[in-house]
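> First residue of the sequence shown: 9, per the working numbering; consecutive thereafter.
Think of the CB as a built atom: it goes at the ideal place given N, C-alpha and C, for glycine as much as any other residue.
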Amino acid sequence: MAKRGSARGPAAFSIDQVVELAVRHNLAELEVEAAGTRIRIVREHAPAAGSRVDAAPASAAAVQQPAAESVESTAHLVTVEAPMVGTFYRAPKPDAPPFVAEGDVVKEGQVICIVEAMKLMNEIESKVAGRIAKVVVENGQPVEFGQPLFLVDPLR
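(1) Here's the rule I'm using: 16 or more other beta-carbon atoms within 10 Å means buried, otherwise exposed. How should Q155 be labelled?
(2) If we count Cβ pairs, one from each stretch, closer than 8 Å, do we get three or more for the region 33 to 50 versus the region 113 to 129?
(3) For A3, which option in E37, E146, L163, I23 has the closest C-alpha, if you only look at C-alpha atoms?
(4) Is it buried or exposed, G94, if we count other Cβ atoms within 10 angstroms and call 16 or more buried?
(5) Does M129 get closer than 7 Å to chain B when you measure Cβ to Cβ?
(6) For F136, tell me which candidate among E28, P102, R32, R164 has the shortest Cα-Cα distance.
(7) Nearest to I132 by CA position, among L159, P91, H84, L38, is which residue?
(8) So, with DSSP's three-state summary, where would you put R164?
(9) Where does R32 fall in DSSP's three states?
(10) My understanding is that I140 touches V114, with C-beta atoms under 8 Å, so please give their C-beta distance in whole angstroms.
(11) Can you give me the Cβ contacts of V108 inside the same chain, cut-off strictly under 7 Å, excluding the 5 residues immediately before and after it?
(12) Could you check where the beta strand (DSSP E) with F96 kicks off and where it finishes?
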């Protein structure tokens with residue numbers, strides 16, 4: 009599903025800005041047109057895939073290189089994904105401490121966050137026992153089905 013930018017004004021976007029936007033919001037596809045320039049980003053969501061940019065080859069290579077290095081260093085990590093569309097919360101209440109933080113050790117089945125969908129608070133549990141390597145989403149951010157929430161380094 010593509011999101012398209014609107015022609016609200018002569019705002020110009022760089023390729024780096026559009027790629028950053030697509031990565032930050034975990035979009036599979038993003039197309040922006042401004043000031044007569046159209047940029048289209050198509051990302052693959054497989055764990056070992058980098059991003060693909062339909063633009064100048066030099067820019068595309070520069071964007072894919074860091075992604076490839078990142079994938080190699082995180083290939084062993086398990087991704088905990090959003091099981092539904094909703095709002096991501098790290099804690100049970102606004103004034104409570106988060107369920108987990110980066111570096112915390114979790115058990116399989118331990119509640120690690122909440123995704124609110126249609127006023128229902130859905131507890132999300134860890135798929136594996138391990139250490140939280142990265143919290144991918146900011147507290148209070150909207151998430152989509154299948155969007156990575158946490159990267160967990162499984163216990164060996």
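In brief:
(1) buried
(2) no
(3) The structure shown does not extend to residue 3, since the chain spans only 9 to 164, so no value can be given for it.
(4) buried
(5) The displayed structure is made up of one protein chain only, and chain B is not part of it.
(6) Residue 136 is actually Val in this sequence, not Phe. Of E28, P102, R32, R164, the residue nearest in Cα terms is R164.
(7) P91
(8) coil
(9) helix
(10) 6 Å
(11) V114, I120, I140
(12) 94 to 97
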